[in-house]
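Below you'll find the structure, written out as structure tokens, and then a few comments.
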Amino acid sequence: MSVIFSKTSGLTETATHYCPGCTHGIAHRLVAEVLEELGLLGETIGCASVGCSILSYNYLNVDMIECSHGRAPAVATGIKRTVPEKTVFTYQGDGDLASIGTAEIVHAAHRGENITVIFVNNAIYGMTGGQMAPTTLAGQKTTTAPEGRQPEFSGLPLKMSEMLAQVPSASYVERVSLHHPKYIRKAKKAVLRAFTCQMEHRGFSLVELLSTCPTGWGLDPIDSLEWLEANMIPYYPLGVFRAPEEV
54 MSVIFSKTSG
64 LTETATHYCP
74 GCTHGIAHRL
84 VAEVLEELGL
94 LGETIGCASV
104 GCSILSYNYL
114 NVDMIECSHG
124 RAPAVATGIK
134 RTVPEKTVFT
144 YQGDGDLASI
154 GTAEIVHAAH
164 RGENITVIFV
174 NNAIYGMTGG
184 QMAPTTLAGQ
194 KTTTAPEGRQ
204 PEFSGLPLKM
214 SEMLAQVPSA
224 SYVERVSLHH
234 PKYIRKAKKA
244 VLRAFTCQME
254 HRGFSLVELL
264 STCPTGWGLD
274 PIDSLEWLEA
284 NMIPYYPLGV
294 FRAPEEV
């Protein structure tokens with residue numbers, strides 16, 4: 054019997070620690086599949102951020118380095134400049150990239166660093182207890198905003214893809230979602246485009262993945278998928294915000 058679908062060699066055999074319904078595992082698989090299909094598993098260095106993905110080095114079958122909170126783009130910059138022949142990427146959540154790491158990601162984009170950023174946005178601080186994040190939606194309840202985020206007090210949620218797409222040195226920026234198989238297939242194409250940009254020396258690329266956090270949101274896995282579609286996508290519309298020609 055022929056095998057038509059199998060586990061990618063880009064993932065290890067280690068079971069993940071993620072909560073039931075969390076889509077970090079899907080994001081890991083997409084990165085792993087793309088790197089395997091591009092023949093880059095042995096030539097890639099990943100920069101893991103602080104957050105729910107802190108243990109991603111246990112799951113992705115590539116060389117990984119653990120970075121201080123928010124500093125993954127700075128670490129990736131140093132690695133890429135030291136060994137430019139390697140494929141280098143960061144894997145960051147919204148509490149990491151859009152908060153303490155805002156300066157690093159903005160300046161990496163402005164410098165046009167030839168790295169790929171995988172940005173997982175679940176609109177909450179998942180690992181540390183469900184606090185309000187820079188991407189938490191208006192009215193969304195969290196442990197530090199039990200009445201819901203108030204824009205007049207906390208400001209509006211940051212739209213990182215739209216902001217970074219305005220940077221002239223950014224090459225490719227796209228937002229996708231992981232809430233449905235149809236959108237997961239589109240997400241894989243976006244991850245492929247982002248790594249292809251790096252292989253072609255086009256500069257900075259970022260893929261934002263809208264993700265679920267059932268535990269932090271206080272929902273079951275199915276309801277969390279529906280909540281993402283109904284609430285996150287209207288505020289964080291999907292699509293390509295910046296792309297070079299012929300990507």
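Under my numbering, think of the first position of the sequence shown as 54, with each following residue one higher. Ideal placement from N, C-alpha and C gives every residue a C-beta, glycine not left out. Keep in mind it's a predicted model, so treat the numbers as computed, not measured.
Exercise for the section: Taking only the alpha-carbon atoms, compute the straight-line gap between V300 and R246 and give it to the nearest angstrom. Expected result: Caution is warranted here: a pLDDT of 44 is assigned to V300, below 50, making its placement in the model unreliable, and no coordinate value can be reported.
Query - Between the CA atoms of N284 and R238 - distance to the nearest angstrom - result: Whole-angstrom Cα-Cα distance: 21 Å.
Span of the alpha helix (DSSP H) around Q184: Secondary structure note for Q184: it is in no alpha helix (DSSP H), with a DSSP letter that is neither H nor E.
If you measure between the beta carbons of V229 and R295, is that distance less than 8 Å? No, these two residues do not count as a Cβ contact at 8 Å.
- Message: Can you look up N111 in the DSSP assignment and give me helix, strand or coil?
- Response: Assigned with DSSP and collapsed to three states, N111 falls in helix.
From what residue to what residue does the alpha helix (DSSP H) around I228 run?
-> Note on identity: in this sequence residue 228 is Arg, with Ile being the wrong assignment. Not the alpha helix (DSSP H): R228 falls in the beta strand (DSSP E), residues A223 to S230.
Requested in this report: Give the DSSP bridge partners of M117, in chain order.
Outcome: Answer by DSSP bridge pairing, in chain order: G99.
*Rounded separation between I168 and Y144 - CA only*: Between the C-alpha atoms of I168 and Y144 there is a straight-line separation of about 11 Å.
message = Give me the DSSP bridge partner(s) of S258.
response = T169 and Y225.
For the beta strand (DSSP E) that contains Y144, what are its first and last residues? T140 to G146 is the span of the beta strand (DSSP E), which, as asked, contains Y144.
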